[in-house]
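A short write-up of the structure that comes next.
In my numbering, the protein residues as written are 59 to 361.
Okay, structure coming up:
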């Protein structure tokens, strides 16, 4: 089996060399030909110097340096497009995804699947973080139209021919898993040992932004939600109208200012919520209209 390993690197100065050394020990055991593509995503530390040194030490290590920080999925997409072998594996830089577990994913891939995710046997983060991440994965699997897969992660293997489904994709907002779903629906996952990361480059605000990007960049669900809210608000408004008419004819008076203010506030909130959803979609359209690239390569490092 020939295998390409893609690793996005950001603030990975201390992680890159140990990762490459472990790959050097494990890859010959299950791959005939292989390469490791390290994509430096505008890292402010000395990650590129370490990548360049590893590329000179090992002929199967290739380094790609991006012009600036574009994001994990953008950097991974760059490496995926540069891969030359028929099977591609992606993993994080910090050894949270052990290279020794890759054969488990490859074995599952050989059962006829196109994409296999490595799901942790034990969740590696705290309770609240795990809960929020699980909700995002549920949203993502729904957007992908693969509801059977709930264990989406950056530790994945897939067939490189899936790239043809998004070879012309050009956008600064990239969710690689959604792009893979454009080419197949044969997804699955398998449990592997996932190490606990020392720290994460994704904070709570980053997770919220990721959720908004998934919903408004690759799905029409929020627009449908706004439509349903408008529909129910219309029904509610009609109910209020009949209630007011009943009070007027039955009691000869109408409710006072507090009642009117609450109704105005309710409908105004619904309208602003819907406008906010439309605004998010307009922002995505604006990004696409500017034709901004997903990434720009500054230089490469090969032996």
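All C-beta atoms in this analysis are idealised placements derived from N, C-alpha and C, irrespective of residue type, glycine included.
Note that this is a predicted model, so its numbers are computed, not measured.
CB-CB length for residue i against residue j, believed under 8 angstroms
| i | j | result |
| --- | --- | --- |
| residue 233 | residue 155 | Their Cβ separation, rounded to whole angstroms, is 19 angstroms, which puts residue 233 and residue 155 out of contact at 8 angstroms. |
| residue 142 | residue 93 | 7 angstroms |
| residue 227 | residue 237 | 6 angstroms |
| residue 298 | residue 335 | The pair is not a contact, with the Cβ atoms about 24 angstroms apart (cut-off 8 angstroms). |
| residue 215 | residue 147 | 5 angstroms |
| residue 137 | residue 66 | 7 angstroms |
| residue 288 | residue 332 | 6 angstroms |
Residues near residue i in its chain [Cβ-Cβ closer than 6 angstroms; skip 5 each side]
| i | result |
| --- | --- |
| residue 86 | none |
| residue 283 | none |
| residue 103 | 69 and 71 |
| residue 177 | 209, 247 and 249 |
| residue 304 | none |
| residue 354 | 125 |
| residue 281 | none |
| residue 133 | 66, 97 and 99 |
Short Cβ contact (8 angstroms threshold) for residue i with residue j
| i | j | result |
| --- | --- | --- |
| residue 109 | residue 359 | yes |
| residue 124 | residue 97 | yes |
| residue 63 | residue 81 | yes |
| residue 153 | residue 253 | yes |
| residue 166 | residue 173 | no |
| residue 69 | residue 170 | no |
| residue 213 | residue 241 | no |
| residue 59 | residue 145 | yes |
| residue 100 | residue 73 | no |
| residue 158 | residue 84 | yes |
Collapsed DSSP secondary structure at residue i in the structure displayed
| i | result |
| --- | --- |
| residue 91 | strand |
| residue 105 | helix |
| residue 145 | strand |
| residue 354 | coil |
| residue 100 | coil |
| residue 63 | strand |
| residue 343 | helix |
| residue 74 | helix |
| residue 300 | helix |
| residue 110 | helix |
| residue 239 | helix |
| residue 227 | coil |
| residue 153 | coil |
| residue 232 | coil |
| residue 84 | helix |
| residue 253 | coil |
| residue 69 | coil |
| residue 126 | coil |
| residue 179 | coil |
| residue 211 | coil |
Close beta carbons around residue i, own chain, < 7 angstroms, minus the five adjacent residues each side
| i | result |
| --- | --- |
| residue 162 | 248 and 250 |
| residue 356 | 123, 124 and 125 |
| residue 75 | 108 and 112 |
| residue 291 | 325 and 328 |
| residue 118 | 92, 93 and 94 |
| residue 116 | 78 and 82 |
| residue 220 | 172, 238, 241 and 242 |
| residue 224 | 237 and 240 |
| residue 350 | 230 |
| residue 307 | none |
| residue 217 | 144, 145 and 172 |
Paired residues, beta bridge with residue i - DSSP
| i | result |
| --- | --- |
| residue 284 | Its beta-bridge partners do not exist; DSSP assigns none. |
| residue 133 | Note: residue 133 sits in no beta bridge, so no partner. |
| residue 140 | DSSP output for residue 140 lists no bridge partner at all. |
| residue 408 | Nothing about residue 408 can be reported from this structure: the residues present for the chain run from 59 to 361 only. |
| residue 359 | 121 |
| residue 216 | 146 and 173 |
Cβ shell of residue i (< 8 angstroms), same chain only, five flanking positions each side left out
| i | result |
| --- | --- |
| residue 179 | 249, 250, 251 and 252 |
| residue 168 | none |
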